[in-house]
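Chemist:
2 protein chains.
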Amino acid sequence: MSDLLRIGVMASGGGTDLQSIIDACQAGKVPATVAVVISNRADAYALERARRHDVPAVHIPVGKTGSPEWAQADAEQVRVLRDHGVGLVCLAGYMRINGPALLAAFPRAVMNIHPALLPAFPGVNVQAMAVEHGVKIAGTTVHFADPEFDTGPIIIQAAVPVRDDDTADELAARILAQEHRIYPQAIKWHAEGRLQVDGRIVRLTGPGAELAPDTPGVLISPPLEAGF
Amino acid sequence: MSDLLRIGVMASGGGTDLQSIIDACQAGKVPATVAVVISNRADAYALERARRHDVPAVHIPVGKTGSPEWAQADAEQVRVLRDHGVGLVCLAGYMRINGPALLAAFPRAVMNIHPALLPAFPGVNVQAMAVEHGVKIAGTTVHFADPEFDTGPIIIQAAVPVRDDDTADELAARILAQEHRIYPQAIKWHAEGRLQVDGRIVRLTGPGAELAPDTPGVLISPPLEAGF
């Protein structure tokens, strides 16, 4: 086993965020490797993506939140992640509430990505909520997970415009393009030990790298390094 | 009386947003004029700014929300605004809840500016709340007022980065610089009859003007016209 950070990705759906992480690792932009992918759904395309990259793909059914089956899945997830030597868990469109065992086993080492500028629009179907609310700026957030949904300390955010007459799908696509940039960046900073968590505040420490030029119509904070 | 839109500004504090509106009108960027300034506080510097520009400055004390004095102030505000031929009311750091008479007298013609990316952080002291929450992107919102606080249809938003170790004052100054751009822009669009309100959605209609170049590290949506 190399000294690369080993990532466990948990996903319920198509896994485009997973793909962006795999691609960034394989391109050498992030000093990490995806060691295992876990899904609560046997038919999640994320599992197929994993298999195509020879990454172990594990289906762990999850019962109703709080049920014995849910607690059992929580323990099973930890067992699988540890078996694969995982040092960082990345939730990537994982639509179930994590149990206490996972968070206890990986303190400040479970990240989540959410398609809104938290604390605005926590929950699900948030791109449609943003369109219906009439916001003019939406975005996405990478944060450390905590026992609540979408509330943990924020690592990086990207803001994008909402255009008049945007559909939820159009806005979701614009947000997703930035998710695929900021999630690998956040993982790189974590792999380099540069994220210092102080209560709710996440500080980026250490020497800065060359920065990416601004993307017109997008605001990312902290700024992305070149290549993301 | 010219055919310029006549604006009534209501402010409780220093009135820097008021100043940005006066300046934009005097520079000819906005086809409007500030016809009267109203404050609930006799010592508000906004009243002094008004007097320095020969704009009528009116102190209207406001009692406890819901009290007979509050209802009386509501009626008095409408009387003063109408006496000055006001067609648009701009709340600019006005820290009291408006009464029903004001909103009824100026339907879809009361604007407010709020120093956060609504619907995140409604209320007061929101720049400090953003810093304490650890968000990486904050901003400001111009919206039409409705009977609730900070909930009406959104016209324009500006997003700015929150830097590690920002104080609330540092963040507030960064936000304020954008307030002074987007509030005059929103007023111009209103004066030109280009804001179409459809439920919660505000659409910008009509031919677009030349756009301002992007400001590094700031995202504004809809984009500003040249000169703002």
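Sequence order for the protein chains is A and B. Residue numbering for the first sequence follows my numbering, beginning at 1 and increasing consecutively. Residue numbering for the second sequence follows my numbering, beginning at 1001 and increasing consecutively. In this text, a Cβ means the ideal position worked out from N, Cα and C, and glycines have one as well.
1. Taking 9 Å as the CB-CB limit, is glutamine 77 of chain A close to chain B?
2. Is isoleucine 21 of chain A helix, strand or coil when you go by DSSP?
3. Any idea if serine 67 of chain A is buried or exposed, counting beta-carbon neighbours within 10 angstroms, 16 or more meaning buried?
4. Buried or exposed: arginine 1096 of chain B, going by 16 or more other Cβ atoms within 10 Å of its Cβ?
5. Measure the beta-carbon distance from cysteine 90 of chain A to isoleucine 187 of chain A and round it to whole angstroms, keeping in mind my assumption that it falls under 8 Å.
6. Shorter than 9 Å from the beta carbon of lysine 64 of chain A to some beta carbon of chain B?
7. Using a Cβ-Cβ cutoff of less than 8 Å, which residues in the same chain neighbour alanine 1082 of chain B once the five nearest sequence positions on both sides are dropped?
8. Please confirm if the stretch 1194 to 1209 of chain B is in contact with the stretch 1023 to 1042 of chain B, defined as three or more CB-CB distances below 8 Å between the two stretches.
9. Taking the beta carbon of valine 110 of chain A as the centre, do at least 16 other beta carbons fall within 10 Å, making it buried, or is it exposed?
10. Between the stretch 3 to 25 of chain A and chain B, which residues of the former have a C-beta closer than 8 Å to a C-beta of the latter?
11. Return the Cβ separation of alanine 1046 of chain B and glycine 1008 of chain B in integer angstroms, given the expectation that the two are a contact with Cβ distance under 8 Å.
12. In chain order, what residues of the stretch 1086 to 1103 of chain B put their CB closer than 8 Å to some CB of chain A?
13. Under the rule that 16 or more other beta-carbon atoms within 10 Å means buried, what is arginine 1203 of chain B, buried or exposed?
14. Please decide whether aspartate 214 of chain A counts as near chain B, where near means a Cβ-Cβ distance under 9 Å.
15. Would you say alanine 173 of chain A reaches chain B, if we count a Cβ-Cβ gap shorter than 9 Å as a contact?
16. Taking glutamate 133 of chain A as part of the alpha helix (DSSP H), name the residues at either end of that continuous run.
17. Quick one: what's arginine 203 of chain A bridged to in DSSP?
18. For phenylalanine 121 of chain A and chain B, any beta-carbon pair shorter than 9 Å?
19. Scan the stretch 142 to 167 of chain A for residues whose Cβ lies nearer than 7 Å to a Cβ of chain B and list them as they occur along the chain.
20. Based on Cα-Cα distance, which residue from B:Glu1192, B:Gln1178, B:Ala1191 lies nearest to proline 1223 of chain B?
21. Ends of the alpha helix (DSSP H) at isoleucine 175 of chain A?
22. Examine the Cβ distances between the stretch 135 to 143 of chain A and the stretch 1151 to 1164 of chain B and report whether three or more of them are shorter than 8 Å.
23. In the DSSP output, what is proline 161 of chain A paired with across the bridge?
24. Using a Cβ cut-off of 9 Å, which residues of the stretch 31 to 53 of chain A contact any Cβ in chain B, in chain order?
25. Which residues bound the alpha helix (DSSP H) around valine 1078 of chain B?
26. Is threonine 16 of chain A helix, strand or coil by DSSP?
27. Under 9 Å between C-beta atoms, does arginine 1181 of chain B make it to chain A?
28. Pull the bridge partners of arginine 6 of chain A from the DSSP assignment, please.
29. Just how far apart, CA to CA, sit alanine 1044 of chain B and serine 1012 of chain B?
30. Would alanine 314 of chain A pass as a contact of proline 56 of chain A if the rule is Cβ separation under 9 Å?
31. Do alanine 128 of chain A and isoleucine 113 of chain A have their CB atoms nearer than 9 Å?
32. Applying the criterion that 16 or more other CB atoms from any shown protein chain within 10 Å of the CB defines a buried residue, is leucine 1005 of chain B buried or exposed?
33. Do leucine 1118 of chain B and glutamine 1143 of chain B have their beta-carbon atoms positioned less than 9 Å apart in this structure?
Modeler: So, from the listed chains and residues:
1. no
2. helix
3. exposed
4. buried
5. 7 Å
6. no
7. Before going further, note that residue 1082 of chain B is arginine rather than alanine in the sequence given. Same-chain partners within the cutoff: Ala1105.
8. no
9. buried
10. none
11. The Cβ separation is near 12 Å, so there is no contact.
12. none
13. exposed
14. yes
15. no
16. A small correction: the amino acid at residue 133 of chain A is histidine; glutamate does not occupy that position in the sequence shown. It spans 126 to 133 - the alpha helix (DSSP H) in which histidine 133 of chain A sits, taken as one unbroken run.
17. A:Gln196
18. yes
19. Pro153, Ile154, Ile156, Gln157, Ala159, Pro161, Val162, Asp164
20. B:Gln1178
21. 168 to 191
22. yes
23. A:Ile137
24. none
25. 1068 to 1083
26. helix
27. no
28. A:Thr33
29. 6 Å
30. Examination of residue 314 of chain A is not possible in this model, given that chain A is present from 1 through 228 alone.
31. no
32. buried
33. In the sequence as displayed, the identity of residue 1143 of chain B is histidine instead of glutamine. Yes. Within cutoff.
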